[in-house]
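Reading the sequence shown from the start, the letters are residues 21 to 307 in our numbering.
All C-beta atoms, glycine included, are put in the ideal place defined by N, C-alpha and C.
For clarity, every value in this text was computed on a predicted model and none was experimentally measured.
Everything on this sheet refers to the single structure shown next.
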Amino acid sequence: MSESIISGPRVAVVTGASRGAGKGIALALGESGATVYVTGRSRQSSDSPYGGTIAETAALVDEAGGKGVAVAVDHSDDEAVAELFARIGHDHGRLDILVNNAAQVVNAPPPGRFWEQPLEAADLITVGLRSHYVASFHAAPLLIANGRGLIVNTGHYGAVAYHVGPAYGAQKAGSDKMAADMAKELRPHNVAAVSVWMGGLDTERVRAHFAALPAEARPTSRRESPQFTGRVIAALYASDDLMRLSGRALIGAELGAHLGITDIDGGAPLSLRYTLGGPPELHPSLY
Numbered sequence: 021m022s023e024s025i026i027s028g029p030r031v032a033v034v035t036g037a038s039r040g041a042g043k044g045i046a047l048a049l050g051e052s053g054a055t056v057y058v059t060g061r062s063r064q065s066s067d068s069p070y071g072g073t074i075a076e077t078a079a080l081v082d083e084a085g086g087k088g089v090a091v092a093v094d095h096s097d098d099e100a101v102a103e104l105f106a107r108i109g110h111d112h113g114r115l116d117i118l119v120n121n122a123a124q125v126v127n128a129p130p131p132g133r134f135w136e137q138p139l140e141a142a143d144l145i146t147v148g149l150r151s152h153y154v155a156s157f158h159a160a161p162l163l164i165a166n167g168r169g170l171i172v173n174t175g176h177y178g179a180v181a182y183h184v185g186p187a188y189g190a191q192k193a194g195s196d197k198m199a200a201d202m203a204k205e206l207r208p209h210n211v212a213a214v215s216v217w218m219g220g221l222d223t224e225r226v227r228a229h230f231a232a233l234p235a236e237a238r239p240t241s242r243r244e245s246p247q248f249t250g251r252v253i254a255a256l257y258a259s260d261d262l263m264r265l266s267g268r269a270l271i272g273a274e275l276g277a278h279l280g281i282t283d284i285d286g287g288a289p290l291s292l293r294y295t296l297g298g299p300p301e302l303h304p305s306l307y
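Here it is in structure tokens:
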């Protein structure tokens with residue numbers, strides 16, 4: 021296994037980590053002993069119908085064996101994002117891993133086609149695509165200073181298959197291409213960028229949705245824990261395959277199998293490549 025050129029605990033940032041995927045990823049990185057900066061807007065459980073706060077996630081990172089640092093950040097505020105990374109630069113002078121997961125999702129949108137839903141659904145492209153770019157912009161110098169680094173955009177099969185709606189698909193497809201292009205420019209500095217596609221997750225939002233369904237309509241299939249993606253990210257960073265895989269959109273279940281990573285229950289999530297599609301091959305100009 022390769023190690024960060026600078027010794028000491030890894031330093032990571034997970035955006036949008038009050039709950040859901042970001043919370044699970046932060047917890048898993050904490051299990052690897054990392055110092056994890058946990059960002060989000062939720063300071064009180066009442067800030068979201070699904071509960072969760074950045075302080076709660078940071079405390080779970082501590083319990084897992086890492087060091088959690090809760091930082092309230094609205095990722096639509098470029099100045100606040102710049103201040104976050106300036107603080108990390110001051111405290112550590114470097115960064116190992118950035119996980120771009122922040123997203124602004126309209127809570128419980130009514131059923132219907134995109135023109136029948138609130139226009140705010142398009143905010144996912146601002147906080148969820150543009151915010152990934154802004155965070156990566158500020159993180160890049162710190163990752164380069166580390167001598168080894170990784171940017172991860174949390175992705176989904178919605179990049180190639182219909183899921184939720186056009187704004188969601190555009191955000192996920194854009195995140196994949198953004199990672200590929202950033203990887204091209206970061207490669208000379210030994211910094212990788214990838215998109216990791218998550219499967220159906222067991223999150224607070226999903227549980228609430230299922231609980232509202234009639235008992236006979238509730239899915240019973242196994243779902244990925246949010247921690248699984250974090251375990252995969254930690255293993256990828258430590259892997260000798262890091263730069264070889266840079267630039268790619270990677271299905272988390274397949275990457276986990278390649279790296280020998282299992283979910284928290286010891287099981288192996290299944291790839292949905294043959295039902296929902298897989299990432300396209302990179303154009304030669306991106307290698």
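Residues near A90 in its chain [Cβ-Cβ closer than 6 Å; skip 5 each side]: V58, I74, A75 and A78
For the stretch 260-280 and the stretch 204-220, state whether three or more C-beta atom pairs, one from each stretch, are separated by less than 8 Å. yes
Can you tell me where the alpha helix (DSSP H) with T59 in it begins and where it stops? Unbroken run through T59 is the beta strand (DSSP E), T55 to G60; no alpha helix (DSSP H).
Among A84, G72, L290 and G42, the one whose alpha carbon lies nearest that of I271: L290
Determine, using beta carbons only, whether A84 and L47 come nearer to each other than 8 Å. yes
Within 10 angstroms of its Cβ, does T282 collect 16 or more other Cβ (buried), or is it exposed? exposed
So what does I164 bridge to, in DSSP terms? According to DSSP, I164 bridges with nothing at all.
Q247 to R133, Cα distance in whole Å? 32 Å
Nearest chain D C-beta to V154 closer than 8 Å, yes or no? Note that chain D does not occur in the displayed structure, where there is just one protein chain.
Keeping to the same chain, check which residues put their C-beta closer than 7 Å to that of A277; ignore five residues upstream and five downstream. A288
Residue range of the beta strand (DSSP E) that includes L270: A269 to I271
Should the stretch 188-196 be called in touch with the stretch 140-147, which here means at least 3 C-beta pairs below 8 Å? yes
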